[in-house]
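Per the working numbering, the very first residue in the sequence shown carries number 3; after that it's consecutive.
Working notes, structure below.
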Amino acid sequence: MRFDRMSPYRRRAVWVGAAIAVPALLVAALLVGQALTPQSTNPDLPAAASDPTPSSVEQSPEESVPAAAPAPAGLPVVDYDPAPGGFPVDPGAMDTTPLTEGAHPTKRIAAYDAPGGRPRAFLEPTISGVDLTMPIAERRAGWVAVLLPSANRRLAWLPPGGFDTVPLRDQIVVERKVHRLTWYRAGKAVRSWEVSLGQSGQDTPLGRTFILGRTPPPEEVYGGVDIYALGAVPDDPESVPASLRGAHIGVHSWHNDDELGENTTNGCIRLTRSGQRELLAEVRPGSSVVVVDKLPTPPPTA
Numbered sequence: 003m004r005f006d007r008m009s010p011y012r013r014r015a016v017w018v019g020a021a022i023a024v025p026a027l028l029v030a031a032l033l034v035g036q037a038l039t040p041q042s043t044n045p046d047l048p049a050a051a052s053d054p055t056p057s058s059v060e061q062s063p064e065e066s067v068p069a070a071a072p073a074p075a076g077l078p079v080v081d082y083d084p085a086p087g088g089f090p091v092d093p094g095a096m097d098t099t100p101l102t103e104g105a106h107p108t109k110r111i112a113a114y115d116a117p118g119g120r121p122r123a124f125l126e127p128t129i130s131g132v133d134l135t136m137p138i139a140e141r142r143a144g145w146v147a148v149l150l151p152s153a154n155r156r157l158a159w160l161p162p163g164g165f166d167t168v169p170l171r172d173q174i175v176v177e178r179k180v181h182r183l184t185w186y187r188a189g190k191a192v193r194s195w196e197v198s199l200g201q202s203g204q205d206t207p208l209g210r211t212f213i214l215g216r217t218p219p220p221e222e223v224y225g226g227v228d229i230y231a232l233g234a235v236p237d238d239p240e241s242v243p244a245s246l247r248g249a250h251i252g253v254h255s256w257h258n259d260d261e262l263g264e265n266t267t268n269g270c271i272r273l274t275r276s277g278q279r280e281l282l283a284e285v286r287p288g289s290s291v292v293v294v295d296k297l298p299t300p301p302p303t304a
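Quick look at the structure:
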C-alpha cells in the first residue's frame with residue numbers, strides 16, 4: 003500500500019450533489035491529508051443537535067474576566083499543518099466525560115496559552131474551507147478552553163467574543179486494547195464496532211481530540227465511503243513516510259474487513275463501511291473523540 007501527503011500528490015475530488023470541486027489529498031494507509039469537504043455541501047450531516055444535554059463543562063464561580071492582551075498581526079494561523087507550540091497540555095486528556103458544547107469562530111480570533119495569558123496563534127472560522135468547531139473543555143474567569151486542532155492533547159484559551167457556542171450531542175470513544183469504537187449520544191452508548199488501529203511505532207494517539215471535517219475517499223481501497231479527519235496528528239511524525247508528515251489521523255473504512263481487531267494502520271481508526279456510513283450520517287464535525295487504552299467497564303453495546 004502507498005499513501006501520500008499534501009504538496010506533491012494533490013488531487014481534485016468532486017462532491018456529489020453540490021457540483022463543487024474540492025481538493026482531495028492522496029492518502030492510503032490510514033492517515034488523512036489536507037482535503038476536507040465543506041460542511042455546507044454535505045446534506046447528510048445535521049446542522050446542529052436539537053436535543054443537547056446540559057453542558058458538562060463547569061463554569062468557575064463569578065470572578066473578574068482577565069483582559070486579553072493584543073495579538074500581534076504576525077502570529078501564525080492554526081491550519082492543517084501541525085499547530086504552533088506554546089499551548090498548554092490538556093489536563094483532562096483521558097477524561098471520557100462528554101463535551102457537550104463547541105466553539106465556532108465567527109471571525110479571526112486570537113488563541114492564548116491561559117486566561118489573560120500570551121497570544122500564541124490565530125484561529126479562523128474555517129480550516130481548508132471547512133467550518134471549524136472545537137469542543138469546549140473548560141471554562142474559567144469568562145474564558146473558554148477548546149481542544150486545539152492540528153495538535154495532540156493541547157488546549158487553546160479564548161477570551162469572550164468572536165465565536166458562537168454550538169451544542170454537541172455525540173461522542174466517540176476508542177479503546178486500543180480491545181480494538182473497539184463506541185458511539186455515544188447524550189452520554190448513552192448507541193453502537194460499538196470492532197476497529198483496526200495503529201501498528202507498533204505508529205500507534206493511534208491517546209487522548210481527547212475531535213472530528214475536524216470530512217473528505218471523499220481518494221482511492222478505491224477506502225470502500226467508496228467518506229473519511230473523517232480528526233484534529234489529532236501522529237505522535238511521532240518521523241515514524242511515518244516523509245510524504246505523510248503533517249497529515250492527520252482519520253476515521254474511515256476499507257475495501258474489506260480482514261484486518262479488523264488488529265494493529266495494522268498508520269495511526270488511523272478503521273471500521274466497517276456500514277459503521278462509517280452511520281457515523282457520517284449521525285455524528286457532526288466538532289464532536290469529541292477520546293482514545294483510551296481501555297474503559298473500566300465495557301459499554302453495554304460491546
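The beta carbon of each residue, even a glycine, is placed where N, CA and C say it ideally should be.
Excluding the 5 residues flanking Gly104 on each side, which residues of the same chain have their C-beta closer than 7 Å to its C-beta? Locating residue 104 in the sequence shown gives position 102, counting from the first residue. Cβ within range, chain order: Thr135, Met136, Pro137, Ile138, Val168, Leu170 and Gly288.
Thinking C-beta only, is Pro207 closer than 8 Å to Ile305? Any property of residue 305 remains undetermined from this structure, which presents the chain solely from 3 to 304.
Residue interval of the alpha helix (DSSP H) (run including Ser276): Mapped onto the sequence shown, residue 276 falls at position 274. Counting along the chain, the alpha helix (DSSP H) containing Ser276 begins and ends at Arg275 to Glu284.
Rounded to a whole number of angstroms, what is the C-alpha to C-alpha distance between Val2 and Asp205? Outside the shown range of the chain (3 to 304) lies residue 2, about which nothing can therefore be said.
Going by beta-carbon coordinates alone, are Ser1 and Val227 separated by less than 8 Å? The displayed coordinates of the chain run from 3 to 304. Any statement about residue 1 would go beyond what the structure contains.
Exposure of Val24, with buried meaning 16 or more beta-carbon neighbours within 10 Å: Position 22 of the sequence shown holds residue 24. With a pLDDT of 31 at Val24, under the threshold of 50, the modelled position of that residue is not reliable, and no figure is offered here.
Are there 16 or more other CB atoms within 10 angstroms of the CB of Ser276, so buried, or fewer, so exposed? As a working note, residue 276 is residue 274 in the sequence shown. Exposed is the call here.
Cα-Cα, which of Lys109, Trp185 and Asp238 is closest to Gln278? As a working note, residue 278 is residue 276 in the sequence shown. The candidate whose alpha carbon is nearest that of Gln278 is Trp185.
In the structure shown, what three-state DSSP assignment does Val148 receive? Stepping through the sequence shown from its first residue, residue 148 is reached at position 146. DSSP, read as helix, strand or coil, puts Val148 in strand.
Nearest neighbour of Leu183, chosen from Gly233, Glu196, Arg110 and Ser202 [CA to CA]: Reading the sequence shown from its first residue, position 181 is the one you call residue 183. That would be Glu196, whose Cα lies nearest to the Cα of Leu183.
If you draw a straight line from the alpha carbon of Val192 to that of Gly76, how long is it in whole angstroms? For this step, residue 192 is matched to residue 190 along the sequence shown. For this step, residue 76 is matched to residue 74 along the sequence shown. For Val192 and Gly76, the distance between alpha carbons rounds to 45 Å.
Please go through the same chain and pick out, in chain order, the residues whose beta-carbon is closer than 7 Å to the beta-carbon of Thr187, but skip the five residues on each side of it. Taking the first residue of the sequence shown as 1, we reach residue 187 at position 185. Reading off the sequence shown, one finds Arg at residue 187, where the question assumed Thr. So the list reads Arg171 and Asp172, once near-sequence residues are dropped.
Using C-beta distances below 6 Å, list every residue in its chain close to Pro302, excluding the 5 sequence neighbours before and after it, in chain order. Within the sequence shown, numbered from 1, the residue matching residue 302 stands at position 300. Closer than 6 Å at the Cβ level, and outside the excluded window around Pro302, lie Ala191.
Per DSSP, Asn265 forms a beta bridge with which residues? Locating residue 265 in the sequence shown gives position 263, where the first residue counts as 1. Leu199.
Would Gly209 pass as a contact of Asp83 if the rule is Cβ separation under 8 Å? If you number the sequence shown from 1, residue 209 lands on position 207. If you number the sequence shown from 1, residue 83 lands on position 81. Cβ atoms of Gly209 and Asp83: not closer than 8 Å.
Leaving out five residues on either side along the sequence, give the residues of the same chain with a beta carbon under 7 Å from the beta carbon of Arg272. In the sequence shown, counting from the first residue as 1, residue 272 sits at position 270. Excluding residues within five positions, the ones whose Cβ falls inside 7 Å are Leu32, Val197, Ser198, His254, Ser255 and Trp256.
CB-CB length for Val235 against Ala153, believed under 8 Å: Start at 1 with the first residue of the sequence shown, and residue 235 comes out as number 233. Start at 1 with the first residue of the sequence shown, and residue 153 comes out as number 151. Going by Cβ atoms, the distance from Val235 to Ala153 rounds to 7 Å, so yes, they are a contact pair.
Taking only three categories from DSSP, how would you classify Val223? As a working mapping, residue 223 is identified with position 221 in the sequence shown. Looking at Val223 - three-state DSSP - the assignment turns out to be helix.
Looking at the structure shown, is Glu1 part of a helix, part of a strand, or coil, going by DSSP? This structure cannot settle anything about residue 1, because the visible part of the chain is limited to 3 through 304.
Whose CA, out of Glu126, Gly189, Pro219 and Glu177, lies closest to the CA of Pro298? As a working mapping, residue 298 is identified with position 296 in the sequence shown. The residue with the shortest Cα to Cα distance from Pro298 is Glu177.
Where Glu103 sits in the DSSP three-state scheme: Reading the sequence shown from its first residue, position 101 is the one you call residue 103. Strand at Glu103.
Can you tell me which of the three DSSP states Gly87 falls into? Counting from one through the sequence shown, the residue named residue 87 turns up at place 85. In this structure, Gly87 counts as coil in the three-state DSSP scheme.
How many angstroms separate the CA atom of Val292 from the CA atom of Glu261? Residue 292 sits at position 290 when you count from the first residue of the sequence shown. Residue 261 sits at position 259 when you count from the first residue of the sequence shown. One C-alpha to the other measures close to 22 Å.
Out of Gly200, Ser290 and Ser202, which has the shortest C-alpha to C-alpha gap to Ala95? Counting from 1 along the sequence shown, the entry for residue 95 is found at position 93. Measuring from the Cα of Ala95, the nearest candidate turns out to be Ser290.
Sub-8 Å separation of Leu149 and Phe212 beta-carbons: Counting from 1 along the sequence shown, the entry for residue 149 is found at position 147. Counting from 1 along the sequence shown, the entry for residue 212 is found at position 210. Yes, the Cβ-Cβ distance between Leu149 and Phe212 is below 8 Å.
Is the separation between the beta-carbon of Arg141 and that of Glu126 shorter than 8 Å? To locate residue 141, count along the sequence shown from 1; it is residue 139. To locate residue 126, count along the sequence shown from 1; it is residue 124. Taking 8 Å as the Cβ cut-off, Arg141 and Glu126 do not qualify as a contacting pair.
Confirm, please, whether the CB-CB distance from Phe124 to Val79 is below 8 Å. Numbered from 1 along the sequence shown, position 77 holds the residue referred to as residue 79. Numbered from 1 along the sequence shown, position 122 holds the residue referred to as residue 124. Yes, these two residues count as a Cβ contact at 8 Å.
Can you give the Cα-Cα distance for Ser194 and Asp238, rounded to whole angstroms? Here the question's residue 194 lines up with position 192 in the sequence shown. Here the question's residue 238 lines up with position 236 in the sequence shown. Roughly 28 Å between the two C-alpha positions.
Could you check the C-alpha separation between Asn268 and Asp259 for me, to the nearest Å? Within the sequence shown, numbered from 1, the residue matching residue 268 stands at position 266. Within the sequence shown, numbered from 1, the residue matching residue 259 stands at position 257. Cα to Cα, the separation comes out at about 16 Å.
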